[in-house]
Amino acid sequence: MIIRHLQDLKKTGRYAEKPGHWSSARYLLRDDNVGFTLTQTTVAAGTSLDMEYKNHIEANLIIQGEARVTDLITLEEHQLIAGSSYTLDKHDRHRLHALTDLTIVCVFTPALTGTETHDQDGSYPVL
2 MIIRHLQDLK KTGRYAEKPG HWSSARYLLR DDNVGFTLTQ TTVAAGTSLD MEYKNHIEAN
62 LIIQGEARVT DLITLEEHQL IAGSSYTLDK HDRHRLHALT DLTIVCVFTP ALTGTETHDQ
122 DGSYPVL
């Protein structure tokens with residue numbers, strides 16, 4: 002059984018942030034050998050992030066806040082509130098715009114190492 006607490010993630014390098022924009026607490030990573038990554042991500046109100054996970058599938062559950070997610074190919078927009086989910090099942094190029102402060106639970110497959118950074122397309126490489 003794996004038990005993790007936020008304060009421990011911050012001490013062990015499983016926490017990343019861009020102050021004033023976002024933070025990511027990485028509860029499960031590839032070295033946990035469960036086959037997926039579980040994070041809690043916060044996004045500050047007014048932040049817009051363009052992303053396209055070419056190598057991963059990502060599912061997201063909005064726990065708190067309001068946002069808009071836009072498919073950058075079709076320009077279709079969706080409003081997100083607490084209790085909404087969105088899954089990037091086709092490696093969708095998208096923009097997440099936080100209308101208020103957001104708390105999101107995210108699941109990635111394949112699992113991340115935790116050291117990935119977004120490239121110019123907003124994608125993570127497979128490490």
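Numbering (this note's numbering), first residue to last: 2 to 128. Note that the Cβ used here is the ideal one computed from N, Cα and C, for glycine as well.
Within 10 angstroms of the Cβ of residue i, are there 16 or more other Cβ atoms? Answer buried if so, exposed if not.
| i | result |
| --- | --- |
| residue 35 | exposed |
| residue 7 | exposed |
| residue 113 | buried |
| residue 110 | exposed |
| residue 25 | buried |
| residue 76 | exposed |
| residue 21 | exposed |
| residue 38 | buried |
| residue 82 | exposed |
| residue 84 | exposed |
| residue 1 | Outside the shown range of the chain (2 to 128) lies residue 1, about which nothing can therefore be said. |
For residue i, report the span of its alpha helix (DSSP H) as first-last.
| i | result |
| --- | --- |
| residue 9 | 7 to 12 |
Quick check on DSSP: helix, strand or coil for residue i?
| i | result |
| --- | --- |
| residue 99 | strand |
| residue 89 | strand |
| residue 114 | coil |
| residue 74 | coil |
| residue 4 | coil |
Starting from residue i and walking both ways along the beta strand (DSSP E), at which residues does that stretch end?
| i | result |
| --- | --- |
| residue 79 | 78 to 82 |
Any beta strand (DSSP E) of 3 or more consecutive residues that is wholly inside the stretch 7 to 72: Segments of the beta strand (DSSP E) lying fully in the stretch 7 to 72: 16 to 19, 23 to 29, 38 to 44, 49 to 52, 58 to 65, 67 to 72.
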